[in-house]
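Colleague: Next up is a structure, given as structure tokens.
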Amino acid sequence: MERRTDLYEGFSDELRLRRNNNIATGMVLMRYLPNPQGKVMPFVEAKFGTNYLYTRYKIRESILSEETLEAGKDLEDWTLSYGFGTGVQIPIPSSPGLVLEFKANYQTGPTAEFLRKGDATFDPLPNGGGTFDYQVRRSPLEMVTLSVGLLVYDAFR
Numbered sequence: 012m013e014r015r016t017d018l019y020e021g022f023s024d025e026l027r028l029r030r031n032n033n034i035a036t037g038m039v040l041m042r043y044l045p046n047p048q049g050k051v052m053p054f055v056e057a058k059f060g061t062n063y064l065y066t067r068y069k070i071r072e073s074i075l076s077e078e079t080l081e082a083g084k085d086l087e088d089w090t091l092s093y094g095f096g097t098g099v100q101i102p103i104p105s106s107p108g109l110v111l112e113f114k115a116n117y118q119t120g121p122t123a124e125f126l127r128k129g130d131a132t133f134d135p136l137p138n139g140g141g142t143f144d145y146q147v148r149r150s151p152l153e154m155v156t157l158s159v160g161l162l163v164y165d166a167f168r
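Okay, so the sequence shown: first residue is 12 according to the numbering used here, each after it adds one.
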């Protein structure tokens, strides 16, 4: 978050400029459970899909202000992605159809463009206003995720 007084020409009140970097991922997943009836059920999985990376901004008068003066996206990019993972499922004996799951996934893909904190600078004009300068990063996306969850089998029977 930045506090700026030079974002708009002829306007010198202090404004709040907030940027958020985001990623949304959509994947098709294939999972193989070699022993789906065991007391401990190991599995492996493969996935393929896309990543959508975007940096958005909002300009407000104050932290309590409900009204947004300006909002938009500084940068956005789509990339393909693929990955694999492994884990175990442990049935909960007291609740048929309820399974505790522990898993780890690795995801990678081709080069994506994105911004990190501090990659946008503002070049002000003498009377207010100005332009933003972006230092766009390019890198392959690689993520490792660890997760714990509860799965419900046969929920709609």
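Ideal placement from N, C-alpha and C gives every residue a C-beta, glycine not left out.
This one's a predicted model, so the numbers in the text were calculated from it and none came from an experiment.
Compare the C-alpha of residue 85 against each of 67, 92 and 97 and name the closest.
Modeller: Stepping through the sequence shown from its first residue, residue 85 is reached at position 74. The candidate whose alpha carbon is nearest that of residue 85 is 67.
Colleague: Return the CA-CA distance between residue 124 and residue 113, expressed in angstroms with no decimal places.
Modeller: Counting from 1 along the sequence shown, the entry for residue 124 is found at position 113. Counting from 1 along the sequence shown, the entry for residue 113 is found at position 102. For residue 124 and residue 113, the distance between alpha carbons rounds to 32 Å.
Colleague: Per DSSP, what kind of secondary structure is residue 17 in: helix, strand or coil?
Modeller: To locate residue 17, count along the sequence shown from 1; it is residue 6. Looking at residue 17 - three-state DSSP - the assignment turns out to be coil, as it is neither helix nor strand.
Colleague: Might you give, ordered along the chain, the residues of its own chain that have their beta carbon closer than 8 Å to the beta carbon of residue 148, omitting 5 neighbours on each side?
Modeller: Residue mapping note: residue 148 aligns to position 137 of the sequence shown, counting from 1. Cβ-Cβ distances below 8 Å link residue 148 to 124, 125, 126, 127 and 130 in the same chain, with the five nearest sequence neighbours on each side left out; the list follows chain order.
Colleague: How far does the beta strand (DSSP E) with residue 33 in it reach, from first residue to last?
Modeller: Start at 1 with the first residue of the sequence shown, and residue 33 comes out as number 22. Here the beta strand (DSSP E) through residue 33 covers 26-43.
Colleague: Near residue 57, what residues of its chain come up, given a Cβ to Cβ distance below 7 Å and the 5 sequence neighbours on each side ignored?
Modeller: For the purposes of this step, residue 57 is taken as the residue at position 46 of the sequence shown. Only 41 and 95 meet the Cβ criterion.
Colleague: Please state the DSSP three-state secondary structure of residue 130.
Modeller: Residue mapping note: residue 130 aligns to position 119 of the sequence shown, counting from 1. Coil, per DSSP.
Colleague: So, residue 121 versus residue 161, is the Cβ gap smaller than 8 Å?
Modeller: The count along the sequence shown starts at 1 and reaches residue 121 at position 110. The count along the sequence shown starts at 1 and reaches residue 161 at position 150. It is not a contact, given that the beta carbons lie outside the stated cut-off.
Colleague: Can you list, in chain order, the residues of its chain whose CB lies under 8 Å from that of residue 73, leaving out five sequence neighbours each side?
Modeller: Counting from 1 along the sequence shown, the entry for residue 73 is found at position 62. Closer than 8 Å at the Cβ level, and outside the excluded window around residue 73, lie 27.
Colleague: Could you give the residue range of the beta strand (DSSP E) that holds residue 100?
Modeller: Here residue 100 is taken as the residue at index 89 of the sequence shown, counted from 1. Start and end: 79-102.
Colleague: In three-state terms, what does DSSP make of residue 23?
Modeller: Numbered from its first residue, the sequence shown carries residue 23 at position 12. The answer is coil: DSSP assigns residue 23 none of H, G, I, E or B.
Colleague: Tell me the rounded alpha-carbon separation between residue 15 and residue 65.
Modeller: The residue given as residue 15 occupies position 4 in the sequence shown. The residue given as residue 65 occupies position 54 in the sequence shown. Distance between the alpha carbons of residue 15 and residue 65 is about 23 Å.
Colleague: Write down the C-beta distance between residue 25 and residue 139 rounded to the nearest angstrom, noting that I regard them as a contact closer than 8 Å.
Modeller: Start at 1 with the first residue of the sequence shown, and residue 25 comes out as number 14. Start at 1 with the first residue of the sequence shown, and residue 139 comes out as number 128. Between residue 139 and residue 25 the Cβ distance is about 13 Å, and since that is not below 8 Å, they are no contact.
Colleague: Please report the straight-line C-alpha distance between residue 76 and residue 70, rounded to a whole angstrom.
Modeller: The residue you call residue 76 lines up with position 65 of the sequence shown. The residue you call residue 70 lines up with position 59 of the sequence shown. Roughly 10 Å separates the two Cα atoms.
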